[in-house]
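The next block holds one structure in the form of structure tokens; read it before the comments.
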Ligand code: CMC
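Residue numbers (our numbering): 4 to 373.
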């Protein structure tokens, strides 16, 4: 038995939810470029869960279900009020999503119908939790979800308390489409491992949130913005990037396990970063990002991934840096739950082997003689 570090190249599951073939990402057979240009996030949620794009009436029904489920149980809001104010939003989200199960009477109901209903509740309530904590930590009261609004509109509304403009809603909606699913990424794999023991969907999504939080996965978008702020200005880029690479440190938002010729999602976010920056006459972060991209490619041959330009997009939308990864979770919840539902449909426990590299033939010695 020989281990493959990081499971690189290992095919660990079959899935009909999404695929990456020759650098092309598809959700249920639809190219991400097509979806990013035309679909709304709610259409993508339906597509991921049900395997087809919704008809008009199916979309209206899904939106109504999400809207009706968006309020979070009061005891979960009470938990958010108890959290120390300096806790990172991802840690809060992990705890809050776990606690949702306690207040859901269907939490242990493993029927497919109940699991779809719970997927909808998770999808609808995660944005409400993120926005509520963002307000509570600033001593502001949480804002109740607005009936009939899309997830993107509702999130911005619950975060700021004012009606978001159409450009901001569209930009966030597109970012949600782009992050919704990504084959067997680390957090999706974690969610599938959890539910393959026949544990419940809340446990699966809680595992996924804990996995997404790390800087090598979803946490990278916050790392990109921290890097841009640390560099500070375009003339400091050269020294900073060369220094990082010489010290063999990772630059957040670059590289990918699967894409070697570039992440197909990055160009959409780059375009958004430019358009939003131009509109607000603040191209500083965009210009810095473009310069970093060129330098890193020239020096190391690495290309930006989905997290690189999303950092400047969210910043221009006025979103605090530590909410970037929770926004990733708002989007990826659709993919996690689609994979969880797929796993339940054709389950076998996921239990690989490990190559043992520790000591052998050890003999027990009583504690007094050690
Ligand atoms: N900065 C500097 N060097 C890098 C980077 C980077 N961001 N990414 C890869 N490398 C180098 C790495 O040092 C190694 O070089 P060498 O062969 O000279 O030792 C080589 O490229 C291979 O890297 P690796 O870490 O073995 O690659 P991996 O497939 O195990 O990791 C990765 C993939 C995405 C974790 C990694 O590229 C990385 O840490 N990137 C920075 C974090 C990041 O942006 N993560 C978001 C990933 S995409 C969205 C998501 O899934 O969340």
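Don't be surprised by glycine CBs; every beta carbon is placed ideally from N, CA and C.
Residue i, buried or exposed, once every other Cβ within 10 Å from all chains shown has been counted against 16
{"i": "residue 296", "result": "buried"}
{"i": "residue 350", "result": "exposed"}
{"i": "residue 185", "result": "buried"}
{"i": "residue 264", "result": "exposed"}
{"i": "residue 128", "result": "buried"}
{"i": "residue 41", "result": "exposed"}
{"i": "residue 188", "result": "buried"}
{"i": "residue 82", "result": "buried"}
{"i": "residue 267", "result": "buried"}
{"i": "residue 312", "result": "buried"}
{"i": "residue 165", "result": "exposed"}
{"i": "residue 48", "result": "buried"}
{"i": "residue 59", "result": "exposed"}
{"i": "residue 130", "result": "buried"}
{"i": "residue 137", "result": "buried"}
{"i": "residue 367", "result": "exposed"}
Assigned secondary structure, residue i (DSSP; H/G/I helix, E/B strand, else coil)
{"i": "residue 234", "result": "helix"}
{"i": "residue 29", "result": "strand"}
{"i": "residue 286", "result": "coil"}
{"i": "residue 185", "result": "strand"}
{"i": "residue 22", "result": "strand"}
{"i": "residue 266", "result": "coil"}
{"i": "residue 433", "result": "For residue 433 there is no data in the structure shown, the boundaries of the chain being 4 and 373."}
{"i": "residue 92", "result": "helix"}
{"i": "residue 167", "result": "coil"}
{"i": "residue 307", "result": "strand"}
Check: residue i C-beta below 8 Å from any heavy atom of the ligand CMC
{"i": "residue 299", "result": "yes"}
{"i": "residue 233", "result": "no"}
{"i": "residue 3", "result": "This structure gives no information on residue 3, because the portion of the chain shown stretches from 4 to 373."}
{"i": "residue 310", "result": "yes"}
{"i": "residue 158", "result": "no"}
{"i": "residue 257", "result": "yes"}
{"i": "residue 185", "result": "yes"}
{"i": "residue 327", "result": "no"}
{"i": "residue 89", "result": "no"}
{"i": "residue 331", "result": "yes"}
{"i": "residue 362", "result": "no"}
{"i": "residue 218", "result": "yes"}
{"i": "residue 134", "result": "no"}
{"i": "residue 149", "result": "no"}
{"i": "residue 66", "result": "no"}
{"i": "residue 303", "result": "yes"}
{"i": "residue 379", "result": "The displayed coordinates of the chain run from 4 to 373. Any statement about residue 379 would go beyond what the structure contains."}
{"i": "residue 221", "result": "yes"}
{"i": "residue 9", "result": "yes"}
{"i": "residue 296", "result": "no"}
{"i": "residue 193", "result": "no"}
{"i": "residue 252", "result": "yes"}
{"i": "residue 286", "result": "no"}
{"i": "residue 16", "result": "no"}
{"i": "residue 168", "result": "no"}
{"i": "residue 406", "result": "Here the chain comprises residues numbered 4 to 373, so residue 406 is not present and cannot be evaluated."}
{"i": "residue 139", "result": "no"}
Pick from the options that is closest to residue i, judged by C-alpha positions
{"i": "residue 25", "options": "34, 18 and 41", "result": "34"}
{"i": "residue 251", "options": "206, 286 and 299", "result": "299"}
{"i": "residue 75", "options": "147, 61 and 86", "result": "147"}
{"i": "residue 96", "options": "287, 373 and 326", "result": "326"}
{"i": "residue 303", "options": "320, 246, 55 and 287", "result": "246"}
{"i": "residue 283", "options": "43, 320 and 308", "result": "320"}
{"i": "residue 11", "options": "91, 141, 123 and 262", "result": "262"}
{"i": "residue 199", "options": "9, 8, 15 and 6", "result": "15"}
{"i": "residue 132", "options": "105, 77 and 153", "result": "77"}
{"i": "residue 37", "options": "279, 271, 142 and 280", "result": "271"}
{"i": "residue 85", "options": "56, 54, 43 and 142", "result": "142"}
Beta-carbon proximity list for residue i, same chain, < 8 Å, skipping 5 on both sides
{"i": "residue 115", "result": "344, 347 and 348"}
{"i": "residue 125", "result": "100, 103, 204, 205, 208, 336 and 340"}
{"i": "residue 356", "result": "4"}
{"i": "residue 66", "result": "45, 151 and 153"}
Cut-off 7 Å between Cβ atoms - residues of its own chain near residue i, not counting five sequence neighbours on either side
{"i": "residue 215", "result": "190, 221, 328, 331, 332 and 335"}
{"i": "residue 234", "result": "240, 243 and 291"}
{"i": "residue 167", "result": "156, 159 and 160"}
{"i": "residue 22", "result": "29 and 186"}
{"i": "residue 111", "result": "203"}
{"i": "residue 144", "result": "138"}
Beta-carbon contacts of residue i that lie in its chain and below 6 Å, excluding the five residues immediately before and after
{"i": "residue 101", "result": "209"}
{"i": "residue 196", "result": "353"}
{"i": "residue 314", "result": "224, 227 and 228"}
{"i": "residue 255", "result": "223, 226, 227 and 230"}
{"i": "residue 117", "result": "109"}
{"i": "residue 273", "result": "312"}
Contact with chain B by residue i, beta-carbon distance below 9 Å
{"i": "residue 101", "result": "Absent from the structure: chain B. Only one protein chain is present."}
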